[in-house]
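To start, the structure under review is shown below, and the notes come after it.
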Amino acid sequence: MSKNTPKAIRGTQDIFGAEAEAFAFVVETFERVRRLYRFRRIEMPVFEKTEVFARSIGETTDIVSKEMYSFEDRGGDSLTLRPEFTAGIARAYLTNGWQQHAPLKVATHGPLFRYERPQKGRYRQFHQIDAEIIGAAEPQADVELLAMADQLLKELGINDVTLHLNTLGDGESREAWRGALIEYFRAVKGQLSEDSQERLEKNPLRILDSKDRRDKPFLADAPKIDDFLSDEARAFFQAVTDGLDAAGVKWVRAESLVRGLDYYRHTAFEFIPDEGSASADALGSQSTVLGGGRYDGLMESLGGTPTPAVGWAAGIERLAMLVGVGAGQLDERLDCAIVVEDDEVIGSAVWLARKLREKFEGEYGMRHGFSVEIVSSGSRRKRFDKATKLEPGCILVIDGIIDSDAAVANLRFKGEAQGGPFGSRLISILAQRYDGKILERANDFLQGAPLALAIQSSRQTSPRT
RNA sequence: GCGAUCGUAGCUCAGUUGGUUAGAGCGCCGGUUUGUGGUACCGGAGGUCGGGGGUUCGAGACCCCUCGAUCGCCCCA
58 MSKNTPKAIR
68 GTQDIFGAEA
78 EAFAFVVETF
88 ERVRRLYRFR
98 RIEMPVFEKT
108 EVFARSIGET
118 TDIVSKEMYS
128 FEDRGGDSLT
138 LRPEFTAGIA
148 RAYLTNGWQQ
158 HAPLKVATHG
168 PLFRYERPQK
178 GRYRQFHQID
188 AEIIGAAEPQ
198 ADVELLAMAD
208 QLLKELGIND
218 VTLHLNTLGD
228 GESREAWRGA
238 LIEYFRAVKG
248 QLSEDSQERL
258 EKNPLRILDS
268 KDRRDKPFLA
278 DAPKIDDFLS
288 DEARAFFQAV
298 TDGLDAAGVK
308 WVRAESLVRG
318 LDYYRHTAFE
328 FIPDEGSASA
338 DALGSQSTVL
348 GGGRYDGLME
358 SLGGTPTPAV
368 GWAAGIERLA
378 MLVGVGAGQL
388 DERLDCAIVV
398 EDDEVIGSAV
408 WLARKLREKF
418 EGEYGMRHGF
428 SVEIVSSGSR
438 RKRFDKATKL
448 EPGCILVIDG
458 IIDSDAAVAN
468 LRFKGEAQGG
478 PFGSRLISIL
488 AQRYDGKILE
498 RANDFLQGAP
508 LALAIQSSRQ
518 TSPRT
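Mapping of the first sequence onto this note's numbering: residues 58 to 522, in sequence order.
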């Protein structure tokens with residue numbers, strides 16, 4: 058690499074090969090499952106006014122206080138590259154009058170940006186899939202959303218992650234609990250870790266999550282959210298768990314699970330790899346693969362009327378790391394390699410490749426074309442070897458001109474597609490070119506005999522397609 | 001923002017206590033062999049050793065700074 062070649066921005070990735078296939082597999086599976094649950098696709102801008110995120114996510118959160126890519130545009134407005142989806146979706150819901158569609162189930166995916174120190178499963182530009190149900194206050198919405206998340210993970214082949222579930226109660230429950238936690242921890246402040254002392258002011262709920270051994274002794278006796286839940290909040294959570302049981306979604310109660318963003322109420326959840334599992338290994342310390350909750354307070358923070366909503370987001374890169382090897386490579390198989398051993402015949406190869414790639418009407422109706430690679434560069438004697446390394450379903454060698462019946466057209470076939478759709482499609486293409494003459498020898502050809510014998514007997518002019 | 005490890009050809013790496021023109025395998029390109037074929041052999045291209053500064057007669061190796069990667073902490077998806 059030359060010294061003056063620009064480098065990629067820190068924390069960005071250029072994804073290629075198996076990783077790119079796994080990435081696509083995650084997105085495609087999400088798109089398929091989301092349709093089954095009737096979530097409607099939406100597209101969102103990648104940047105918003107800074108206040109969209111600052112007001113909704115919470116000024117004191119790490120995301121807003123130190124991780125946003127904010128800049129002033131030429132008009133002097135402060136804009137920010139989206140660090141998450143939910144705030145922008147809420148803004149769109151309010152500014153576009155989507156209330157008329159409530160309850161609204163929407164899904165999207167795309168890049169997000171956070172100025173963080175990159176590490177395994179964490180990037181500055183990363184990608185999420187996202188699902189939200191807006192304008193639905195009933196616990197059934199939470200169940201629906203979680204059932205979809207669970208099914209998605211299963212269909213991705215990820216079976217060693219478990220739903221960790223908690224409730225933060227309604228606004229009042231949450232505040233009462235928060236107050237009690239502050240009081241409790243303040244009494245022992247001097248004995249807490251530095252991090253937790255800081256959290257005490259900013260986000261006391263997070264102390265419960267602390268991994269520091271100095272904090273551990275105090276966690277067990279800390280006030281429990283269950284003691285602060287209103288009857289409504291308790292009934293709500295009960296309805297959610299009943300629904301999950303009915304839907305067959307496995308879950309565990311995680312009393313210390315709190316989500317970092319200010320807007321969460323009631324249900325909070327994360328799908329986390331089981332301890333010691335392959336997925337836990339693959340993800341390292343970035344344990345959460347999909348997370349979300351209910352954010353009934355968010356719309357108000359953006360100046361809208363109170364609107365109940367639930368949603369989740371999952372990191373595509375993290376999911377892609379957990380997808381089994383080969384799962385994303387189903388479409389990568391090459392149907393056919395066409396080897397050109399004589400540069401004079403390149404035109405015939407191009408013609409044939411185009412025909413094979415076109416979609417067509419066959420025995421079973423319309424179907425997509427076949428994937429084809431033309432091998433026509435480099436040392437001639439090594440072209441066949443090159444083709445075999447592509448691991449195609451079959452190899453066609455052209456060393457004569459297909460087009461002209463005066464010339465000897467030599468087309469050799471090697472592969473396992475004799476009886477399959479590829480073989481019959483190939484024969485029908487060639488039969489058109491040779492007015493059906495080839496059909497007498499089609500079978501021999503597909504067994505590997507040269508096609509030259511079959512078409513030398515044809516003296517008719519065949520029209521160019 | 002903090003800590004640790006690392007940074008040599010396209011890729012994976014080697015490079016002995018600092019000492020002459022920096023190596024291998026794979027890949028790529030060409031040739032020979034084979035001749036219905038994923039073989040073997042020969043040859044070739046490709047590196048200002050992440051970047052900058054310093055120590056030294058001499059630095060890919062040592063020191064400092066910087067950029068980046070990886071793994072933790074924090075936070076999160």
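Glycine included, every Cβ here is placed at the ideal spot set by N, Cα and C.
These numbers were taken from a predicted model, which means no experiment stands behind them.
### Task
Could you pull out every residue in the same chain whose Cβ sits closer than 7 Å to the Cβ of Thr137, ignoring the five residues on either side in sequence?
Counted from its first residue, the first sequence places residue 137 at position 80. Cβ within range, chain order: Phe104, Glu105, Thr107, Phe110, Met125, Tyr126 and Ser127.
#### Entry: Cutoff 6 Å; reference Lys259; Cβ partners in own chain excluding five residues on either side
Indexing the first sequence from 1 puts residue 259 at position 202. If we look at Lys259 and ignore the five residues flanking it on each side, its Cβ neighbours are Thr117.
### Message
Tell me whether the region 195 to 212 and the region 364 to 373 touch, counting them as touching only if at least three CB pairs, one residue from each stretch, are closer than 8 Å.
### Response
Yes, since at least three Cβ pairs between the region 195 to 212 and the region 364 to 373 fall closer than 8 Å, the two stretches touch.
#### Entry: Cβ-based neighbour list, Gly178, same chain, cut-off 8 Å, excluding 5 preceding and 5 following
For the purposes of this step, residue 178 is taken as the residue at position 121 of the first sequence. Around Gly178: Leu340, Gly341, Gln343, Gly372, Glu374, Arg375 and Met378.
### Message
Judging by CA-CA distance, which residue of Glu327, Glu232, Phe275 and Tyr320 is the nearest neighbour of Ile282?
### Response
On the first sequence, residue 282 is found 225 positions in, with the first residue counted as 1. For the options Glu327, Glu232, Phe275 and Tyr320, the alpha carbon positioned closest to that of Ile282 is the one of Glu232.
### Task
With Phe275 as the anchor, note down where its beta strand (DSSP E) starts and where it stops.
Mapped onto the first sequence, residue 275 falls at position 218. Element bounds for Phe275: not the beta strand (DSSP E) but the alpha helix (DSSP H), Lys273 to Leu276.
### Message
Just to confirm my understanding: we take Ile239, look at its own chain, exclude 5 residues before and 5 after, and list those with CB closer than 6 Å. What are they?
### Response
Stepping through the first sequence from its first residue, residue 239 is reached at position 182. These residues qualify, in order along the chain: Pro261.
### Query
Using the C-alpha atoms, what's the distance from Pro175 back to Asp442?
Looking up residue 442 in the first sequence gives position 385. Looking up residue 175 in the first sequence gives position 118. Answer to the nearest angstrom: the Cα atoms are 42 Å apart.
### Task
Could you give the DSSP three-state label for Pro196: helix, strand or coil?
Locating residue 196 in the first sequence gives position 139, counting from the first residue. If DSSP states are grouped into helix, strand and coil, Pro196 belongs with the helices.
### Query
Straight-line CA distance for Ala164 to Arg91?
On the first sequence, residue 164 is found 107 positions in, with the first residue counted as 1. On the first sequence, residue 91 is found 34 positions in, with the first residue counted as 1. Their backbone Cα atoms lie some 7 Å apart in a straight line.
### Cut-off 8 Å between Cβ atoms - residues of its own chain near Phe80, not counting five sequence neighbours on either side
By 1-based counting over the first sequence, the position of residue 80 is 23. Spatial neighbours of Phe80 in its own chain (CB-CB distance under 8 Å, excluding positions within 5 residues in sequence) are listed in chain order as Ile72, His184, Ile373, Glu374, Ala377 and Gly385.
### Task
Apply the 10 Å Cβ neighbour rule to Tyr421 and answer buried if 16 or more other Cβ atoms are within range, or exposed otherwise.
On the first sequence, residue 421 is found 364 positions in, with the first residue counted as 1. The residue is exposed, with fewer than 16 neighbouring Cβ atoms inside 10 Å.
### C-alpha distance - Arg411 paired with Ala193, whole-angstrom precision
Reading the first sequence from its first residue, position 354 is the one you call residue 411. Reading the first sequence from its first residue, position 136 is the one you call residue 193. Distance between the alpha carbons of Arg411 and Ala193: 51 Å.
### Glu327 beta carbon less than 8 Å from that of Gly348
Here residue 348 refers to the residue found at position 291 of the first sequence. Here residue 327 refers to the residue found at position 270 of the first sequence. Yes.
### Query
With DSSP run on the structure shown, which of helix, strand or coil describes Asn153?
As a working note, residue 153 is residue 96 in the first sequence. Three-state result, Asn153: coil.
### Query
Considering only C-alpha positions, which residue in the set Asp134, Gly214, Ala159 and Leu508 is nearest to Ser336?
Reading the first sequence from its first residue, position 279 is the one you call residue 336. Nearest of Asp134, Gly214, Ala159 and Leu508 to Ser336, Cα basis: Gly214.
### Residue ranges of each alpha helix (DSSP H) within the region 86 to 134, 4 or longer
107 to 114 and 119 to 123
#### Entry: Continuous alpha helix (DSSP H) stretch holding Gly404: start and end
Counted from its first residue, the first sequence places residue 404 at position 347. According to the DSSP assignment, Gly404 belongs to the alpha helix (DSSP H) that extends over Ile403 to Arg414.
### Cβ-based burial, Pro140 [other Cβ within 10 Å; buried from 16]
Sequence index remark: in the first sequence, residue 140 carries index 83 (1-based). Per the 10 Å Cβ criterion, buried.
### Query
Taking DSSP as the reference, what is the three-state secondary structure of Ile190?
Working through the first sequence from its first residue, we reach residue 190 at position 133. Of the three classes helix, strand and coil, the one that applies to Ile190 here is strand, per DSSP.
### Message
Let me make sure I understand the geometry here. Which of Arg322, Ser434, Leu413 and Ser253 has the alpha-carbon closest to that of His425?
### Response
Taking the first sequence and counting its residues from 1, one reaches residue 425 at position 368. Among Arg322, Ser434, Leu413 and Ser253, the Cα nearest to that of His425 is on Leu413.
### Ala303 burial status per 10 Å Cβ neighbour count (16 or more: buried)
For this step, residue 303 is matched to residue 246 along the first sequence. Classification of Ala303: exposed, given that the 10 Å Cβ count is below 16.
### Query
Which value, in whole angstroms, describes the spacing of the CA atoms of Phe427 and Arg498?
For this step, residue 427 is matched to residue 370 along the first sequence. For this step, residue 498 is matched to residue 441 along the first sequence. Rounded to the nearest angstrom, the two C-alpha atoms are 23 Å apart.
### Message
Using the three-state DSSP reduction, which class does Val380 fall into: helix, strand or coil?
### Response
As a first step, residue 380 must be located in the first sequence, where it is residue number 323. Coil.
### Query
Nearest-angstrom Cα distance between Gln254 and Ala279?
Residue mapping note: residue 254 aligns to position 197 of the first sequence, counting from 1. Residue mapping note: residue 279 aligns to position 222 of the first sequence, counting from 1. Distance between the alpha carbons of Gln254 and Ala279 is about 15 Å.
### Message
Between which residues of its own chain and Leu487 is the CB-CB distance below 6 Å, once the five residues before and five after are set aside?
### Response
Counted from its first residue, the first sequence places residue 487 at position 430. Cβ neighbours of Leu487 beyond the five flanking positions: Ile495.
### Query
Less than 8 Å separating the beta-carbons of Ser287 and Tyr320?
Counting from one through the first sequence, the residue named residue 287 turns up at place 230. Counting from one through the first sequence, the residue named residue 320 turns up at place 263. It is not a contact, given that the beta carbons lie outside the stated cut-off.
### Task
Check whether the Cβ atoms of Asp266 and Val315 sit closer than 8 Å, and answer yes or no.
Numbered from its first residue, the first sequence carries residue 266 at position 209. Numbered from its first residue, the first sequence carries residue 315 at position 258. Yes, Cβ-Cβ distance for Asp266 and Val315 is below 8 Å.
#### Entry: Nearest-angstrom Cα separation, counted from Leu508 out to Thr518
Mapped onto the first sequence, residue 518 falls at position 461. Mapped onto the first sequence, residue 508 falls at position 451. Since pLDDT at Thr518 reaches only 37, below the 50 mark, its modelled position is unreliable, and the value read off the structure follows with that caveat. Their Cα atoms are separated by approximately 17 Å.
### Query
Under 8 Å between the Cβ atoms of Ile452 and Leu468?
The residue labelled residue 452 in the question sits at position 395 within the first sequence. The residue labelled residue 468 in the question sits at position 411 within the first sequence. No, the pair does not count as a contact, with Cβ atoms beyond the cut-off.
### Query
Under three-state DSSP, which class holds Gln248?
By one-based count along the first sequence, residue 248 stands at place 191. The answer is helix: DSSP assigns Gln248 an H, G or I state.
### Message
When you compare the CB positions of Asp227 and Ala290, do they come within less than 8 Å of one another, or not?
### Response
Indexing the first sequence from 1 puts residue 227 at position 170. Indexing the first sequence from 1 puts residue 290 at position 233. Contact flag set, yes.
### Task
In angstroms with no decimal places, state the Cα-to-Cα distance between Arg310 and Val121.
Position 253 of the first sequence holds residue 310. Position 64 of the first sequence holds residue 121. Straight-line Cα distance between these residues: approximately 29 Å.
### Query
Does the Cβ-Cβ distance between Val396 and Val432 come in under 8 Å?
The count along the first sequence starts at 1 and reaches residue 396 at position 339. The count along the first sequence starts at 1 and reaches residue 432 at position 375. Yes.
### Residue of Asp399, Arg482 and Thr86 minimising C-alpha distance to Phe417
Numbered from its first residue, the first sequence carries residue 417 at position 360. Phe417 has its Cα closest to that of Arg482, out of Asp399, Arg482 and Thr86.
### Task
Can you give me the start and stop residues for the beta strand (DSSP E) that Asp331 sits inside?
Your numbering for residue 331 matches position 274 in the first sequence. Premise fails: Asp331 is in no beta strand (DSSP E) and is neither H nor E.
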